[in-house]
């Protein structure tokens, strides 16, 4: 960021007169908690899938954790997208920019996330969030892993 700011008009998602979304992408530069607060009714009733960017703030750890805690309280389960690399590597892999993949077939894996581990992960993460009532919908699209297991 260049230190400049601009004032913009904001609206609560719950107050908009549009059809409620089935999927939400949040990338609001540290204001995820405020957006979630303005969408609580939508999150609890429509239960949209959510992808949200979360930046680590060691100076303000609560700002890092507030949106995570709010989504958990609404019944969401959070996942970290990673790659599962099959034989011969057989490992979960989280690539860094310009890093080569290990040998083996690749499959997108969404690994269960526990909030206690947030400060041991990299600074920027895009979490995939699925309400517990909708977990069955994502199993056919990609594997949701609680524990890594080999690919068939």
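In the working numbering, the protein residues as written are 12 to 163.
We treat Cβ as the ideally placed atom computed from N, Cα and C, and that holds for glycine.
- About 6 Å separates the beta carbons of residue 136 and residue 91, which is inside the 8 Å limit, making them a contact pair.
- If you look at residue 78, you'll find it in the alpha helix (DSSP H) that goes 72-84.
- Listed in chain order, the non-local C-beta contacts of residue 78 below 6 Å within the same chain comprise 43, 44, 47, local neighbours out to five positions each way being set aside.
- Residue 88 has its alpha-carbon roughly 30 Å from the corresponding atom of residue 111.
- Collapsing the DSSP output to three states places residue 145 in a helix.
- Taking the C-beta atoms as reference points, residue 23 is found nearer than 7 Å to residue 49.
- When DSSP reads this structure, residue 29 sits in no beta bridge, so it has no partner.
- Separation of residue 83 and residue 16 (C-alpha to C-alpha, rounded to the nearest whole angstrom) is 31 Å.
- For residue 118, the enclosing beta strand (DSSP E) begins and ends at 117-123.
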